[in-house]
Amino acid sequence: MFSLSQRFQVLINQAVTFSVFIIAFIVATSYIDLIYPNNVFNTGVATVNSIKPSLSLRTSRYFGSINSKPKENVRLEFDLDSDLTNLFNWNTKQVFVYLTAEYNNTKNTVINEVTFWDNIITKQEDAVLHLEKAKSKYSVWDISEQFSGKSLKFKLNWNIQPWVGPLTYGEIDTGYELVVPKKVEESSKKQRVN
Amino acid sequence: MNLRLELTKLLNLCFVFSSAYMFWQGLSLVANTHSPIVVVLSGSMEPAFQRGDILFLWNRNQASNVGDIVVYEVDGKQIPIVHRVLREHHSANFEKQYLLTKGDNNAANDISLYANKKIYLNKQKDIVGTVKGYFPQLGYVTIWVSENKYAKFALLGLLALSSLVGGE
Chain H
1 MFSLSQRFQV LINQAVTFSV FIIAFIVATS YIDLIYPNNV FNTGVATVNS IKPSLSLRTS
61 RYFGSINSKP KENVRLEFDL DSDLTNLFNW NTKQVFVYLT AEYNNTKNTV INEVTFWDNI
121 ITKQEDAVLH LEKAKSKYSV WDISEQFSGK SLKFKLNWNI QPWVGPLTYG EIDTGYELVV
181 PKKVEESSKK QRVN
Chain G
1 MNLRLELTKL LNLCFVFSSA YMFWQGLSLV ANTHSPIVVV LSGSMEPAFQ RGDILFLWNR
61 NQASNVGDIV VYEVDGKQIP IVHRVLREHH SANFEKQYLL TKGDNNAAND ISLYANKKIY
121 LNKQKDIVGT VKGYFPQLGY VTIWVSENKY AKFALLGLLA LSSLVGGE
């Protein structure tokens, strides 16, 4: 009556049921930890300062150029301060933090968001960010011809990668805005004058 | 041999397979994607995702956000790729969206992976889904079965054995 396979099935059933409950408990408690007592979705603070853009013309496909037509690329130098310690709890495998800029084209028909810098934080001790004169990680181009003249709004975004369960995203508005200088020639001229 | 008993067993087996199939198709329908659950095959998203991790996909979003981890398929290649959105450009009415992706563990973006000298992905055409949920390591069974030539026989043998033993 109690065959080996039956015992095995009961064992598997119980193990699966038990792990489902444990996972649900972990996911629920870690989410509560994120919103109580401090709701990380709206209490985050990030300040960026003294962003210096530098433009260059690139002719490679890997820098957005089509048929070797010169494409404006922008790189940044920036200061960044933020404390992401609250994002870490028992279900945080890593926090992916990324600095992005939002901008529209002149007719407001195309809306863009691009990443300038990102970082993977795996330990809570490393979650306090303090960067001075950091270089952007990526050379960024726009989908249109030009990047100059675009008005960039900067945001610091985060993504919690859990040990198990749903991925969590959040963003912190830095309030920093910047207009990319008009032309490559002008900015390089300025540099020569300086 | 009792024919009726054997036929009932066969019917039960069919029931198991059809319910698994229905579950998969139902999930596809809800998530609006042809593969709602994928297994990570490469280390390009480490340390977030390792080989064998299971990802749950959702494809009912109108547009992707920067930072979303998406699964995309390049025309002509069968293997789905799981990478993060680095840039997005969309029209104001969300009709079109272009994405540039990159693996967290890769030094460069994915332009060299895209088909036909494209430098962007098309959200509507290329994206299979956005990763919403994560379960570690369980998918390693499928990697093991597909990459080890004896694993299939071992699995079949185990099934046959269990059907023989489970006869009483």
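Protein sequences, first through last, are from chains H and G. Just so it is clear: in the first sequence, position 48 is 48 by full-length UniProt numbering, and no numbers are missing. Just so it is clear: in the second sequence, position 27 is 27 by full-length UniProt numbering, and no numbers are missing. Idealized CB from N, CA, C, for every residue including glycine.
Practice item. Quick one: grab the DSSP three-state call for Ile-119 of chain G. Key: Along the second sequence, read from residue 1 onward, the residue named residue 119 of chain G stands at position 119. Looking at Ile-119 of chain G - three-state DSSP - the assignment turns out to be coil, as it is neither helix nor strand.
**Study point:** Boundaries (first-last residue) of the beta strand (DSSP E) holding Leu-86 of chain G
**Key:** In the second sequence, the residue the question calls residue 86 of chain G occupies position 86. Counting along the chain, the beta strand (DSSP E) containing Leu-86 of chain G begins and ends at 81 to 91.
Check your understanding: Exposed or buried, Met-45 of chain G, counting other C-beta atoms within 10 Å across all chains shown (16 or more means buried)?
Key -> Counted from its first residue, the second sequence places residue 45 of chain G at position 45. Label assigned to Met-45 of chain G: buried.
Review point. At a Cβ threshold of 8 Å, is Tyr-98 of chain H touching chain G?
Key: Within the first sequence, numbered from 1, the residue matching residue 98 of chain H stands at position 98. Yes, Tyr-98 of chain H counts as interfacial toward chain G.
Check your understanding: Over what stretch of residues does the beta strand (DSSP E) that includes Arg-60 of chain G continue unbroken?
Key -> Working through the second sequence from its first residue, we reach residue 60 of chain G at position 60. Neither: Arg-60 of chain G is in no beta strand (DSSP E) and is coded neither H nor E.
Review point. Name the DSSP bridge partner or partners of Asp-79 of chain H?
Key: By one-based count along the first sequence, residue 79 of chain H stands at place 79. H:Asn-49.
Point to revise | Neighbour-count burial assignment, Asp-110 of chain G, 16 or more Cβ in a 10 Å radius | key: Here residue 110 of chain G is taken as the residue at index 110 of the second sequence, counted from 1. Classification for Asp-110 of chain G: buried.
Review point. Can a CB atom of chain B be found closer than 8 Å to the CB of Leu-99 of chain G?
Key: Protein chains H and G are contained in the structure displayed, whereas chain B is not.
Review point. Cα separation between Lys-189 of chain H and Val-74 of chain H?
Key: Residue mapping note: residue 189 of chain H aligns to position 189 of the first sequence, counting from 1. Residue mapping note: residue 74 of chain H aligns to position 74 of the first sequence, counting from 1. Note that Lys-189 of chain H has pLDDT 45, beneath the 50 cutoff, so the model's placement of it is unreliable and no number is given.
Practice item. Compare the C-beta of Ser-44 of chain G with all C-beta atoms of chain H and state if any pair is closer than 8 Å. Key: As a first step, residue 44 of chain G is located in the second sequence; it is residue number 44 there, counting from the start. Judged by the 8 Å Cβ criterion, Ser-44 of chain G is not in contact with chain H.
Review point. Got a sec: is the Cβ-Cβ distance from Phe-135 of chain G to anything in chain H below 8 Å?
Key: As a first step, residue 135 of chain G is located in the second sequence; it is residue number 135 there, counting from the start. Yes, Phe-135 of chain G counts as interfacial toward chain H.
Check your understanding: Would you call the region 165 to 173 of chain H and the region 117 to 126 of chain G in contact, with 3 or more CB pairs under 8 Å?
Key -> no
Point to revise | Euclidean distance between Cα positions of Leu-13 of chain G and Ala-63 of chain G | key: Working through the second sequence from its first residue, we reach residue 13 of chain G at position 13. Working through the second sequence from its first residue, we reach residue 63 of chain G at position 63. Near 41 Å, if we compare the C-alpha coordinates of Ala-63 of chain G and Leu-13 of chain G.
Point to revise | Gly-26 of chain G, enclosing alpha helix (DSSP H) - first and last residue | key: Position 26 of the second sequence, counted from the start, is the residue given in the question as residue 26 of chain G. Residues 3 to 31.
Exercise for review: Please list, in chain order, all residues of the same chain as Pro-162 of chain H whose beta carbon is under 8 Å from its beta carbon, the five residues on each side excluded.
Suggested key: Residue mapping note: residue 162 of chain H aligns to position 162 of the first sequence, counting from 1. Cβ within range, chain order: Val-27, Ser-30, Asn-91, Thr-92, Lys-93 and Thr-168.
Practice item. Can you give me the Cβ contacts of Val-164 of chain H inside the same chain, cut-off strictly under 8 Å, excluding the 5 residues immediately before and after it? Key: For the purposes of this step, residue 164 of chain H is identified with residue 164 of the first sequence, where counting begins at 1. Here the set comprises Ile-23, Ile-26, Val-27 and Asn-91.
Practice item. Provide the residue span of the alpha helix (DSSP H) that contains Trp-144 of chain G, from first to last. Key: Position 144 of the second sequence holds residue 144 of chain G. Per DSSP, Trp-144 of chain G belongs to the alpha helix (DSSP H) from 140 to 147.
Review point. Given that Leu-86 of chain G touches chain H, what residues does it touch there, using C-beta distances under 8 Å?
Key: Position 86 of the second sequence, counted from the first residue, corresponds to residue 86 of chain G. Here the neighbours are Val-114, Thr-115 and Tyr-138.
Check your understanding: Nearest CA to the CA of Asp-81 of chain H: which residue from H:Asp-126, H:Leu-55 and H:Ser-60?
Key -> Locating residue 81 of chain H in the first sequence gives position 81, counting from the first residue. Of the listed residues, the one whose Cα sits closest to Asp-81 of chain H is H:Asp-126.
Exercise for review: Just the chain G side, please: which residues come within less than 8 Å of Lys-93 of chain H by C-beta, in chain order?
Suggested key: To locate residue 93 of chain H, count along the first sequence from 1; it is residue 93. Per Cβ cutoff of 8 Å: Pro-47 and Ala-48.
Point to revise | Amino acids of chain G, ordered along the chain, whose beta-carbon sits closer than 7 Å to that of Gly-64 of chain H | key: By one-based count along the first sequence, residue 64 of chain H stands at place 64. Within 7 Å Cβ-Cβ: Ile-119.
Check your understanding: Quick one: what does DSSP say residue 209 of chain H is sitting in, helix, strand or coil?
Key -> Here chain H covers residues 1 to 194 and nothing more, so residue 209 of chain H does not appear.
Review point. Mind checking whether Phe-63 of chain H and Trp-141 of chain H have CB atoms under 8 Å apart?
Key: Working through the first sequence from its first residue, we reach residue 63 of chain H at position 63. Working through the first sequence from its first residue, we reach residue 141 of chain H at position 141. Cβ distance < 8 Å, so Phe-63 of chain H and Trp-141 of chain H count as in contact.
Check your understanding: Residue range of the beta strand (DSSP E) that Ala-101 of chain H falls in?
Key -> As a working mapping, residue 101 of chain H is identified with position 101 in the first sequence. Start and end: 92 to 104.
Exercise for review: Consider the Cβ of Asp-104 of chain G: report whether some Cβ of chain H lies at a distance smaller than 8 Å.
Suggested key: Within the second sequence, the letter at position 104 stands for residue 104 of chain G. Closer than 8 Å to some Cβ of chain H, the Cβ of Asp-104 of chain G qualifies, so yes.
Review point. Residues in its own chain within less than 8 Å of Lys-52 of chain H by CB, not counting five upstream and five downstream?
Key: Position 52 of the first sequence holds residue 52 of chain H. Cβ neighbours of Lys-52 of chain H beyond the five flanking positions: Leu-76, Glu-77 and Phe-78.
Check your understanding: What number of angstroms, rounded off, separates the C-alpha of Lys-152 of chain G from the C-alpha of Ala-31 of chain G?
Key -> The sequence position of residue 152 of chain G within the second sequence is 152, counting from 1. The sequence position of residue 31 of chain G within the second sequence is 31, counting from 1. Approximately 30 Å between the Cα atoms of the pair.
Check your understanding: Quick one: what does DSSP say Asp-173 of chain H is sitting in, helix, strand or coil?
Key -> Counted from its first residue, the first sequence places residue 173 of chain H at position 173. The answer is strand: DSSP assigns Asp-173 of chain H an E or B state.
**Study point:** Alpha carbon of residue 197 of chain H to alpha carbon of Phe-96 of chain H, nearest angstrom
**Key:** Nothing can be reported for residue 197 of chain H, as the shown portion of chain H is limited to 1 through 194.
Review point. When you compare only the Cα positions, how much space is there between Ser-187 of chain H and Glu-72 of chain H?
Key: Residue mapping note: residue 187 of chain H aligns to position 187 of the first sequence, counting from 1. Residue mapping note: residue 72 of chain H aligns to position 72 of the first sequence, counting from 1. Note that Ser-187 of chain H scores a pLDDT of 47, beneath 50, so its modelled location is shaky and nothing firm can be said.
Point to revise | N- and C-terminal bounds of the beta strand (DSSP E) containing Val-38 of chain G | key: As a first step, residue 38 of chain G must be located in the second sequence, where it is residue number 38. Val-38 of chain G -> beta strand (DSSP E) spans 37 to 39.
**Study point:** Contact list for Thr-109 of chain H against chain G, beta-carbon separation under 7 Å
**Key:** For the purposes of this step, residue 109 of chain H is taken as residue 109 along the first sequence, with counting starting at 1. Within chain G, the residues near Thr-109 of chain H are Ser-91 and Ala-92.
Check your understanding: Using a Cβ cut-off of 7 Å, which residues of the region 24 to 47 of chain H contact any Cβ in chain G, in chain order?
Key -> none
Exercise for review: Use the C-beta contact count for Val-40 of chain G: other C-beta atoms within 10 angstroms, 16 or more gives buried, fewer gives exposed.
Suggested key: Here the question's residue 40 of chain G lines up with position 40 in the second sequence. It counts as buried.
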